[in-house]
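Peer 1: Each residue of the sequence shown is one higher than the last, beginning at 0 in numbering that gives the first Met the number 0. The structure follows.
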Amino acid sequence: MSTDTTGRSSSNLQVLSGQPELRPTQIHDDNEKMPALPGEPAQVLERQFARRMEAVETRWSPRQDSLRAQLEHTNEIWDDIQASEQRQPRYSSAWFYWPFMFALAVAEVPINRFSFELFFQESPAVALLVSFLVGGLLVTLAHRMGMLMCRFGYNAKRKNWWGEAAQIALVVALVIGLAYGVSILRQGYLAFITQPDMGFGQALESQQFGGAAIVALKAGLGLDGWIFMLINLAVVAVGVSAAYFCHDQHPDFEKVDRQKRKLEKQAAQMRAKRADEEALEKRRFANQMRRLGA
């Protein structure tokens with residue numbers, strides 16, 4: 000081994016004969032960076048990135064394909080109805096209609112409450128419950144009547160018109176009968192409270208035609224009874240109007256349009272979630288490659 004004038008070794012590497020050199024040796028300044036290792040680490044990261052992207056594809060593609068098929072089928076039905084009707088669907092939001100109808104049913108409670116106070120004096124909660132059930136029944140009949148009237152023209156062309164008319168007549172008869180019965184009970188309550196010295200049991204046993212039991216069960220309505228019945232019918236008329244104007248005249252157009260909007264919203268949400276996952280994997284890969292080249 001040869002040395003220079005300072006006594007340091009002129010060479011500190013020996014190459015064994017017969018063995019290939021592992022990598023080229025280069026002389027660098029102190030401020031120079033060593034080159035990155037050959038491409039193996041980058042290739043590993045690329046394979047990991049490809050596997051993650053394949054996992055995203057496997058997770059989302061089947062669901063997107065199924066949703067796309069449902070949307071295409073719904074669009075075909077929507078196009079057929081729109082072509083036959085030559086108009087866009089017309090209906091209100093369910094978030095307006097059903098709370099409005101529920102509010103009508105609640106409004107019937109104070110109206111009908113005193114109709115049942117005569118029979119449930121010891122249980123005011125039961126009287127409230129019964130009055131709410133009666134109000135709900137009246138509003139349900141109003142909803143049914145409004146729907147029948149709204150789609151009468153369409154159904155009359157494709158079915159027997161007298162069948163639709165018979166359904167409307169039946170619902171009208173039920174509404175009038177229920178409102179009349181509630182008015183009879185309300186009139187009986189008003190007659191009862193005008194006789195504070197007579198108990199309900201005594202009123203039932205009394206044979207006097209002026210007794211509260213006779214007034215409550217008699218067939219005719221007085222002026223106050225008719226006014227009370229008109230109030231109930233007015234509430235029902237509001238419910239019928241809401242049902243008529245808040246629904247489409249075609250029995251299937253509204254349902255198909257709601258389904259179409261729902262599927263489109265789900266498809267947009269699914270695309271956004273998949274795009275977020277793909278963007279996350281791309282950012283992860285970019286950060287890893289940047290650190291590898293640093």
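Where a beta carbon is used, it is the ideal one built from N, C-alpha and C, also for glycine. None of the values given here were measured: they were computed from a predicted structure.
With the cut-off set at 9 Å, would you say residue 181 and residue 151 are in Cβ contact?
Peer 2: Sequence index remark: in the sequence shown, residue 181 carries index 182 (1-based). Sequence index remark: in the sequence shown, residue 151 carries index 152 (1-based). The answer is no: Cβ separation not under 9 Å.
Peer 1: When the Cα atoms are used, what is the spatial distance from residue 278 to residue 144?
Peer 2: Stepping through the sequence shown from its first residue, residue 278 is reached at position 279. Stepping through the sequence shown from its first residue, residue 144 is reached at position 145. About 53 Å.
Peer 1: Rounded to the nearest angstrom, how far is the Cβ of residue 127 from that of residue 108, given a contact under 8 Å?
Peer 2: What you label residue 127 is simply residue 128 of the sequence shown in a count that begins at 1. What you label residue 108 is simply residue 109 of the sequence shown in a count that begins at 1. With 8 Å as the limit, residue 127 and residue 108 qualify as a contact, their Cβ atoms being about 6 Å apart.
Peer 1: For the region 239 to 256 against the region 109 to 125, are there 3 or more C-beta pairs whose distance is under 8 Å?
Peer 2: Short answer: they don't touch.
Peer 1: Mind the definition here: the region 90 to 101 touches the region 63 to 76 only if three or more C-beta pairs lie below 8 Å; say whether that holds.
Peer 2: No contact exists between the region 90 to 101 and the region 63 to 76.
Peer 1: List in chain order: all unbroken alpha helix (DSSP H) runs of 4+ residues lying wholly within the region 29 to 113.
Peer 2: Whole alpha helix (DSSP H) segments, 4+ residues: 39 to 84.
Peer 1: Just verifying my parser: in three-state terms, what is the DSSP assignment at residue 122?
Peer 2: For the purposes of this step, residue 122 is taken as the residue at position 123 of the sequence shown. In the structure shown, residue 122 sits in coil (DSSP, three-state: anything other than H, G, I, E or B).
Peer 1: Verify whether the separation of the beta carbon atoms of residue 47 and residue 284 is less than 9 Å.
Peer 2: Translated into the one-based positions of the sequence shown, residue 47 becomes position 48. Translated into the one-based positions of the sequence shown, residue 284 becomes position 285. Yes, the Cβ-Cβ distance between residue 47 and residue 284 is below 9 Å.
Peer 1: How many angstroms separate the CA atom of residue 238 from the CA atom of residue 49?
Peer 2: For the purposes of this step, residue 238 is identified with residue 239 of the sequence shown, where counting begins at 1. For the purposes of this step, residue 49 is identified with residue 50 of the sequence shown, where counting begins at 1. Near 59 Å, if we compare the C-alpha coordinates of residue 49 and residue 238.
Peer 1: Between the alpha carbons of residue 250 and residue 167, how many angstroms are there, rounded?
Peer 2: For the purposes of this step, residue 250 is identified with residue 251 of the sequence shown, where counting begins at 1. For the purposes of this step, residue 167 is identified with residue 168 of the sequence shown, where counting begins at 1. Those two C-alpha atoms are separated by around 16 Å.
Peer 1: Do residue 40 and the ligand PLP come close, with the Cβ less than 8 Å from some heavy atom?
Peer 2: With respect to the ligand PLP, the structure shown offers nothing to examine, as it has no ligands at all.
Peer 1: What are the boundary residues of the alpha helix (DSSP H) that residue 268 is part of?
Peer 2: Here residue 268 refers to the residue found at position 269 when the sequence shown is read from its first residue. Counting along the chain, the alpha helix (DSSP H) containing residue 268 begins and ends at 252 to 292.
Peer 1: Can you tell me which of 51, 40, 45, 44 puts its alpha carbon nearest to the alpha carbon of residue 273?
Peer 2: Taking the first residue of the sequence shown as 1, we reach residue 273 at position 274. Of 51, 40, 45, 44, the residue nearest in Cα terms is 51.
Peer 1: For residue 156, report the span of its alpha helix (DSSP H) as first-last.
Peer 2: Sequence index remark: in the sequence shown, residue 156 carries index 157 (1-based). Its alpha helix (DSSP H) spans residues 151 to 157.
Peer 1: Please report how far the alpha carbon of residue 74 lies from the alpha carbon of residue 80, in whole angstroms.
Peer 2: Indexing the sequence shown from 1 puts residue 74 at position 75. Indexing the sequence shown from 1 puts residue 80 at position 81. If you take the alpha carbons of residue 74 and residue 80, they lie about 10 Å apart.
Peer 1: Distance check for residue 149 and residue 302, CA to CA, integer angstroms please.
Peer 2: What the structure shows of the chain is the stretch from 0 to 293, and residue 302 is not part of that stretch, so it cannot be assessed.
Peer 1: I'd like to know whether the C-beta atoms of residue 118 and residue 184 end up nearer to each other than 9 Å.
Peer 2: Position 119 of the sequence shown, counting from 1, holds the residue named residue 118. Position 185 of the sequence shown, counting from 1, holds the residue named residue 184. Their beta carbons are under 9 Å apart, which means residue 118 touches residue 184 by this criterion.
Peer 1: Could you give the distance in angstroms between the alpha-carbon of residue 70 and the alpha-carbon of residue 170?
Peer 2: On the sequence shown, residue 70 is found 71 positions in, with the first residue counted as 1. On the sequence shown, residue 170 is found 171 positions in, with the first residue counted as 1. Whole-angstrom Cα-Cα distance: 37 Å.
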